[in-house]
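Inspection log for the structure reproduced underneath, given as structure tokens.
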DNA sequence: CTGAAAGCGCTAACAT
DNA sequence: ATGTTAGCGCTTTCAG
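Residue numbers (the working numbering), protein chains in the order written: chain Y, 1 to 341; chain V, 342 to 682.
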């Protein structure tokens with residue numbers, strides 16, 4: 001006898017129970033429940049009736065072990081609090097729709113060691129695919145992904161070498177494009193407002209690209225300020241106030257995310273700044289939730305739902321080879337920048 | 342021989358491979374990797390070295406089947422787009438911290454049929470526990486949860502009969518409490534702005550409680566308006582404009598969520614309304630992200646992180662019996678209601 | 001401290 | 001159309 005620990009609930013109901021109740025073999029029950037192979041209509045209904053009557057719930061653990069097939073897709077993201085990631089998940093859900101694959105989410109809290117553990121944990125369930133946010137990983141994590149023997153897709157940004165397939169936008173290029181847009185609109189005294197977290201790689205890449213873009217035009221950032229902790233209206237407001245109090249002559253504020261930009265926008269309007277003439281602002285991501293602010297914030301669409309969808313399609317297509325997909329972030333001028341000219 | 346399908350990657354590495362490499366039995370490897378039983382230090386290091394060298398990733402599927410133990414907790418929520426649910430997940434993560442349990446999330450998209458499927462899917466993985474948002478379920482889903490033989494916790498709201506344990510707040514009571522607060526502050530011509538979705542049970546319960554509260558004071562809603570689709574600033578703004586254009590004499594607006602209330606607030610300020618004297622507003626949830634609006638919106642804390650944490654603790658404590666935990670939502674007056682008087 | 005044997009619940013492969 | 005057999009990779013149990 002094998003023991004069950006005292007916390008185990010009622011003993012599990014098995015295929016055998018259903019088979020006995022229906023008066024057929026386990027194999028037939030298995031076939032009926034999975035719609036595999038030809039089974040007579042009479043037998044089918046008998047089996048269904050028995051399964052329903054008993055309240056049978058199949059054991060996917062056993063099924064997965066026997067068939068060597070697990071219809072799960074691991075998804076590893078930094079956090080659920082930052083709205084970008086739920087949006088990516090939505091895209092993944094769309095891409096997996098009409099497939100029998102289901103996403104399983106794990107979070108790394110922006111910590112690569114944690115990410116490595118989560119990836120290990122995920123792979124130990126032998127999923128059909130793995131989607132991981134970012135291209136920065138520990139060596140061990142990279143090795144695991146390379147040897148996983150399943151489709152692996154890195155998502156969000158394409159700035160850096162990827163393990164296998166990669167779907168995202170170049171955040172360096174996004175920052176650079178933003179610099180170009182801002183300069184073309186005549187702004188010259190530009191401040192950057194970002195996160196002090198070294199773990200937010202994409203934010204840093206945008207800043208880098210942005211500064212590169214300014215440098216090419218012979219300019220540099222007039223000032224910059226960084227915050228710790230989560231983005232939000234309060235953060236954006238406070239940063240803006242701090243930055244302008246020490247650099248009152250700035251004519252543009254580029255925020256690392258729309259969330260902070262929104263807080264900044266409200267602060268500026270409250271203080272009577274003339275936007276976009278006296279000062280312009282721009283954010284990043286294009287959060288739909290912010291439609292309805294007094295002014296539409298200039299931003300760049302991070303294409304996160306598209307990214308999730310494409311990544312899911314690669315997994316669903318069982319592509320082991322690494323076709324990289326670089327999407328283009330679209331600049332959305334909104335109301336907070338002057339027209340090009 | 343058992344076939345492998347052509348898409349399967351390299352054949353899986355097994356305990357046996359590690360055992361051979363280390364020159365010990367599979368059993369010893371198993372013990373080392375799980376820290377079970379006494380193993381000599383010499384053997385331990387040999388095994389670890391072999392496992393690392395081979396890049397061995399254990400197969401949890403096989404382990405789970407053999408041990409009848411799965412360290413996963415299923416979590417079923419309506420959506421990830423509504424920020425309340427990521428917050429609940431954060432709480433669950435906290436509550437599961439220092440445990441070997443890991444949450445696995447599934448979404449129902451506010452559809453009970455879909456929810457039933459997700460619950461079935463989750464249970465078929467034989468998790469150690471199940472957390473489900475809401476107390477409304479299909480009969481079949483309820484039956485599955487009752488017979489699951491694992492700890493099951495319904496979260497978010499306590500308004501209705503629960504299957505097993507239940508952790509949440511009473512949204513009916515929350516609505517009623519809000520009515521009391523508003524009336525005590527002298528507002529009398531009150532409008533409600535909510536969702537037209539019949540699937541958002543908690544929103545409906547708050548409205549119900551709110552109307553009950555007004556009725557007890559001999560009042561009723563002066564007007565109400567509903568929106569389809571997601572909440573957001575744009576939605577809040579549009580609803581507010583519509584409602585006030587047909588009922589310009591309202592002196593209070595109660596929104597189903599802070600998100601809409603924020604859009605409404607911005608609209609009202611833009612139009613020069615005197616808040617909170619000419620008109621007061623209140624929302625629900627207490628979203629931290631909104632700190633930084635021109636005025637702090639009166640709201641009620643939905644205690645969602647606490648709810649997640651408590652639910653996780655019940656699962657971690659392996660409580661099969663149903664201790665219900667009713668938390669109290671706290672009213673936060675902010676700046677958009679007059680003082681009581 | 002280590003190993004051998006048995007089997008978890010299911011499905012692939014091969015009967016019939 | 002249905003049944004039989006073998007075993008997925010691991011852990012439990014029991015034997016040393």
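Glycine included, C-beta positions come from ideal geometry on N, C-alpha and C.
Helix, strand or coil at residue i according to DSSP, with G and I counted as helix
i, result
"residue 278 (chain Y)", "coil"
"residue 107 (chain Y)", "strand"
"residue 285 (chain Y)", "strand"
"residue 545 (chain V)", "helix"
"residue 132 (chain Y)", "strand"
"residue 588 (chain V)", "coil"
"residue 175 (chain Y)", "helix"
"residue 335 (chain Y)", "coil"
"residue 28 (chain Y)", "helix"
"residue 359 (chain V)", "helix"
"residue 531 (chain V)", "strand"
"residue 666 (chain V)", "strand"
"residue 259 (chain Y)", "helix"
"residue 395 (chain V)", "helix"
"residue 643 (chain V)", "coil"
"residue 157 (chain Y)", "strand"
"residue 564 (chain V)", "strand"
"residue 267 (chain Y)", "helix"
"residue 102 (chain Y)", "strand"
"residue 67 (chain Y)", "helix"
"residue 297 (chain Y)", "coil"
"residue 118 (chain Y)", "helix"
"residue 72 (chain Y)", "strand"
"residue 141 (chain Y)", "helix"
"residue 90 (chain Y)", "helix"
"residue 23 (chain Y)", "coil"
"residue 539 (chain V)", "coil"
Beta-carbon gap between residue i and residue j smaller than 8 Å
i, j, result
"residue 414 (chain V)", "residue 648 (chain V)", "no"
"residue 589 (chain V)", "residue 677 (chain V)", "no"
"residue 57 (chain Y)", "residue 402 (chain V)", "no"
"residue 135 (chain Y)", "residue 103 (chain Y)", "no"
"residue 23 (chain Y)", "residue 31 (chain Y)", "no"
"residue 253 (chain Y)", "residue 297 (chain Y)", "no"
"residue 51 (chain Y)", "residue 88 (chain Y)", "no"
"residue 184 (chain Y)", "residue 214 (chain Y)", "no"
"residue 482 (chain V)", "residue 457 (chain V)", "yes"
Contact set between residue i and chain V, taken where Cβ atoms lie within less than 8 Å
i, result
"residue 291 (chain Y)", "573, 574, 575"
"residue 143 (chain Y)", "396"
"residue 86 (chain Y)", "421, 422, 427"
"residue 70 (chain Y)", "402"
"residue 156 (chain Y)", "None at all; the shortest Cβ gap to chain V is about 17 Å."
"residue 259 (chain Y)", "630"
Chain-ordered chain Y contacts of residue i [CB-CB under 8 Å]
i, result
"residue 578 (chain V)", "292"
"residue 431 (chain V)", "80, 81"
Cross-chain neighbours of residue i in chain V, by beta carbon under 7 Å
i, result
"residue 73 (chain Y)", "Here the premise fails: no neighbours, minimum Cβ distance about 12 Å."
"residue 317 (chain Y)", "The contacting residues do not exist; residue 317 (chain Y) stays about 10 Å from chain V at best."
"residue 288 (chain Y)", "573"
Under 7 Å from the C-beta of residue i: neighbouring residues of chain Y
i, result
"residue 604 (chain V)", "292"
"residue 597 (chain V)", "Neighbours of residue 597 (chain V) on chain Y: none; closest Cβ ~15 Å, over 7 Å."
"residue 488 (chain V)", "55"
Next on the checklist: Which residues of the region 53–68 of chain Y have a Cβ closer than 7 Å to any Cβ of chain V? Give them in chain order.
Outcome noted: Those residues of the region 53–68 of chain Y that come within reach of chain V (Cβ to Cβ, closer than 7 Å) are 55, 57, 58, 59, 60, 61, 62, 64, 65, 68.
Next on the checklist: Counting only Cβ-Cβ distances shorter than 8 Å, please list the residues of the region 102–127 of chain Y near chain V, keeping chain order.
Outcome noted: Listed by position, the residues of the region 102–127 of chain Y near chain V (Cβ gap below 8 Å) are 102, 104, 105, 106, 107, 120, 121, 123, 124, 125, 126.
Checklist entry - Is the region 602–618 of chain V close to the region 633–650 of chain V, with three or more CB pairs under 8 Å? => result Three or more pairs of CB atoms, one per stretch, sit closer than 8 Å, so the region 602–618 of chain V contacts the region 633–650 of chain V.
Next on the checklist: Would you call the region 541–556 of chain V in contact with the region 508–525 of chain V, where contact means no fewer than 3 C-beta pairs closer than 8 Å?
Outcome noted: Touching, per the Cβ criterion.
Item to check | Proximal residues, the region 11–30 of chain Y versus chain V, C-beta separation under 8 Å | outcome: Among the residues of the region 11–30 of chain Y, those with a Cβ less than 8 Å away from any Cβ of chain V are 12, in the order of the chain.
Item to check | Sufficient close CB pairs (3 or more, under 8 Å) joining the region 537–546 of chain V to the region 557–576 of chain V | outcome: Contact between the region 537–546 of chain V and the region 557–576 of chain V is present: three or more C-beta pairs spanning the two stretches fall below 8 Å.
Item to check | Any 3 or more C-beta pairs closer than 8 Å across the region 464–480 of chain V and the region 488–496 of chain V | outcome: Put simply, the region 464–480 of chain V touches the region 488–496 of chain V. At least three CB pairs are less than 8 Å apart.
Checklist entry - Are the region 113–128 of chain Y and the region 89–97 of chain Y touching, with three or more C-beta to C-beta distances below 8 Å? => result These segments do not touch.
Checklist entry - Taking any Cβ of chain Y, which residues in the region 607–619 of chain V have a Cβ under 7 Å from it, in chain order? => result If you check each beta-carbon in the region 607–619 of chain V against every beta-carbon of chain Y, the ones closer than 7 Å belong to 607, 611.
Next on the checklist: Contact between the region 324–338 of chain Y and the region 107–117 of chain Y is defined here as three or more beta-carbon pairs at a separation below 8 Å; is this criterion met?
Outcome noted: Under the 8 Å Cβ criterion, the region 324–338 of chain Y does not count as touching the region 107–117 of chain Y, having fewer than three qualifying pairs.
Item to check | Where the region 514–541 of chain V meets chain Y: residues whose CB sits under 9 Å from a CB there | outcome: Taking 9 Å as the Cβ-Cβ cut-off against chain Y, none of the residues of the region 514–541 of chain V qualify.
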